Amino acid sequence: MVAKFANWLDERVSWRQVWDAIFLRKVPKVNWFYTLGSATLFVAVNQAVTGILLTLYYVPTPDHAYDSVQYITTQVPAGWLIRGLHHWGVSAMVVLVVLHMLRVIFYGAYKYPREVTWFSGIILLLVVIGFGFTGYLLPWDQKAYWATTVGTRIAGTPPLIGDYLLRILRGGEDLSAVTLARFFGTHVWVLPATLMLLLGIHLYLVIRIGISAVPKKED
Amino acid sequence: MKEKDEISRRDFMKVATWSIGGLIGLGWGIPAIAYVASPAWKSEQAQVWIRLGATSKVELGVPTLFKVKVKRQTGWIVNEEELSVYVLTEDGRNYIAMSNVCTHLGCRVRWIAEQDRFFCPCHNGVFDQQGNVVSGPPPRPLNQYQVKVEDGQLFILGG
Numbered sequence: 002m003v004a005k006f007a008n009w010l011d012e013r014v015s016w017r018q019v020w021d022a023i024f025l026r027k028v029p030k031v032n033w034f035y036t037l038g039s040a041t042l043f044v045a046v047n048q049a050v051t052g053i054l055l056t057l058y059y060v061p062t063p064d065h066a067y068d069s070v071q072y073i074t075t076q077v078p079a080g081w082l083i084r085g086l087h088h089w090g091v092s093a094m095v096v097l098v099v100l101h102m103l104r105v106i107f108y109g110a111y112k113y114p115r116e117v118t119w120f121s122g123i124i125l126l127l128v129v130i131g132f133g134f135t136g137y138l139l140p141w142d143q144k145a146y147w148a149t150t151v152g153t154r155i156a157g158t159p160p161l162i163g164d165y166l167l168r169i170l171r172g173g174e175d176l177s178a179v180t181l182a183r184f185f186g187t188h189v190w191v192l193p194a195t196l197m198l199l200l201g202i203h204l205y206l207v208i209r210i211g212i213s214a215v216p217k218k219e220d
Numbered sequence: 037m038k039e040k041d042e043i044s045r046r047d048f049m050k051v052a053t054w055s056i057g058g059l060i061g062l063g064w065g066i067p068a069i070a071y072v073a074s075p076a077w078k079s080e081q082a083q084v085w086i087r088l089g090a091t092s093k094v095e096l097g098v099p100t101l102f103k104v105k106v107k108r109q110t111g112w113i114v115n116e117e118e119l120s121v122y123v124l125t126e127d128g129r130n131y132i133a134m135s136n137v138c139t140h141l142g143c144r145v146r147w148i149a150e151q152d153r154f155f156c157p158c159h160n161g162v163f164d165q166q167g168n169v170v171s172g173p174p175p176r177p178l179n180q181y182q183v184k185v186e187d188g189q190l191f192i193l194g195g
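Residue numbers (our numbering), protein chains in the order written: chain V, 2 to 220; chain F, 37 to 195.
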């Protein structure tokens, strides 16, 4: 039954070709360090799923943000789990992308012909850090408020443009409802859109070019 | 040499991958369903006796409107809301308290004394003074609250 439907669909959309290109592609003999990218992807999916779920209850305004987060954590069934996965997931994410990057550096995998994969990866790293920075404010508790006060103040330190940067980040002089709203919008719209675009390019290139082998001594 | 009933390494990996993947999927899926669908079985309002006012305010044979403020918990917000209840008595001893929520699709009905009827503005539902459907789309009479009278004061059970 399932096989019959799979064939029916394949005859029309050739999904097997796509499937084989992704999962049955030839790879060199590699080691466990080569799984760090997939591990990152797995956690990214976790962040997307739990993040979408959190928006069903979370309200990004100063009078509701904290209470809605408390409501999720203490009242909604499995809310503590969904929030916990999202909260701890981001730490795992940062650790994994950094390890993934170190593997690429140490094995020289950023070299020709994989420069574009590498640069898309660098921007993806910045996107992940952006996710962490904007998401940190959303619970709107003391830690979030003061961490963002400090973080935006650091962004305000460069000469000439610093003051403008700070006001763009905060949406004004001080941390306010405007800050919370733009951090939320960036966290759930701007960064996910950027991430999907870059991740698409990144994965396309990984599959199109193939992964690099472990370099030998004479390389 | 491979025996017939021996499973190949490839098939084993296939089954293992799909099983672990399935378990992880369930690990997300079941909490996600509980998280999203829980309002379906979680009731936020406790049923309490709400004081409407003195029985002496109720006119004989005419639905009399009582408006009371009640505290309602919705999500993380506690709000004061106005509850409108029509009370009817024929003999000054037995009272019925009717909700002003139309049984069709939840609009608020109003008692029009000149026509001796409740009217719903949304889809022309009409009820008589007992709350029975006279015409229009409502499927059943107006909902009634449980009533009690203590020291000349009317109470309804609601939330």
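Where is the CB? At the ideal position from N, CA and C, for every residue including glycine.
These numbers were taken from a predicted model, which means no experiment stands behind them.
Residue-level contact to chain V via CB, residue i, 9 Å cutoff
i: F:Gly111; result: yes
i: F:Pro67; result: yes
i: F:Val121; result: no
i: F:Val169; result: no
i: F:Lys107; result: no
i: F:Trp64; result: yes
i: F:Ala70; result: yes
i: F:Lys78; result: yes
i: F:Ser74; result: yes
Enclosing alpha helix (DSSP H) for residue i [first to last residue]
i: V:Gln71; result: Ala66 to Thr75
i: V:Asn32; result: Unbroken run through V:Asn32: none, as it is neither H nor E.
i: V:Tyr137; result: Glu116 to Leu138
i: F:Arg147; result: In the sequence under discussion, the amino acid at residue 147 of chain F is Trp, which differs from the Arg named in the question. No alpha helix (DSSP H) holds F:Trp147; the beta strand (DSSP E) holding it covers Arg146 to Ile148.
i: V:Leu82; result: Gly80 to Phe107
i: V:Arg13; result: Val3 to Val14
i: V:Arg209; result: Leu192 to Ile210
From the options, residue whose alpha carbon lies closest to that of residue i
i: V:Lys217; options: V:Pro29, V:Val3 and V:Ile23; result: V:Pro29
i: F:Ala133; options: F:Val51, F:Ile192 and F:Ser44; result: F:Ile192
i: F:Ser120; options: F:Trp112, F:Arg87, F:Glu150 and F:Gly111; result: F:Arg87
i: V:Ala178; options: V:Leu200, V:Tyr146 and V:Leu37; result: V:Tyr146
i: F:Gly97; options: F:Ile148, F:Pro67 and F:Gln166; result: F:Gln166
i: V:Leu125; options: V:Thr150, V:Met94 and V:Gln143; result: V:Met94
i: V:Leu176; options: V:Gly152, V:Tyr108 and V:Val117; result: V:Gly152
i: F:Ala90; options: F:Gly128, F:Phe155 and F:Cys143; result: F:Gly128
i: V:Leu134; options: V:Gly186, V:Leu200 and V:Thr74; result: It should be noted that the sequence gives Phe, not Leu, for residue 134 of chain V. Ranking V:Gly186, V:Leu200 and V:Thr74 by Cα distance to V:Phe134 puts V:Gly186 first.
i: V:Val98; options: V:Leu138, V:Tyr35, V:Thr74 and V:Asp68; result: V:Tyr35
i: V:Glu116; options: V:His203, V:Trp141, V:Asp68 and V:Ala4; result: V:His203
i: V:Pro63; options: V:Ile169, V:Leu138 and V:Leu167; result: V:Leu138
i: V:Tyr113; options: V:Arg13, V:Asn8 and V:Ile212; result: V:Ile212
Interface flag, residue i vs chain F, CB-CB below 9 Å
i: V:Thr41; result: no
i: V:Leu97; result: no
i: V:Tyr58; result: yes
i: V:Gly80; result: yes
i: V:Gln48; result: no
Span of the beta strand (DSSP E) around residue i
i: F:Tyr181; result: Gln180 to Glu186
i: F:Gln189; result: Gln189 to Gly194
i: F:Arg153; result: Arg153 to Phe155
i: F:Val169; result: Val169 to Ser171
Cβ neighbour criterion (16 or more within 10 Å) applied to residue i
i: F:Val114; result: exposed
i: V:Gly90; result: buried
i: V:Asn47; result: buried
i: V:His188; result: buried
i: V:Phe6; result: exposed
i: V:Thr56; result: exposed
i: V:Leu161; result: exposed
- Task: List in chain order: all unbroken alpha helix (DSSP H) runs of 4+ residues lying wholly within the region 146 to 185 of chain V.
- Result: Listed in chain order, the alpha helix (DSSP H) elements of length 4 or more contained wholly in the region 146 to 185 of chain V are 163 to 171.
- Task: Would you mind listing the beta strand (DSSP E) stretches within the region 63 to 139 of chain F that are 3+ residues and don't spill past its ends, in chain order?
- Result: Qualifying beta strand (DSSP E) stretches, in chain order: 84 to 90, 100 to 110, 113 to 125 and 131 to 135.
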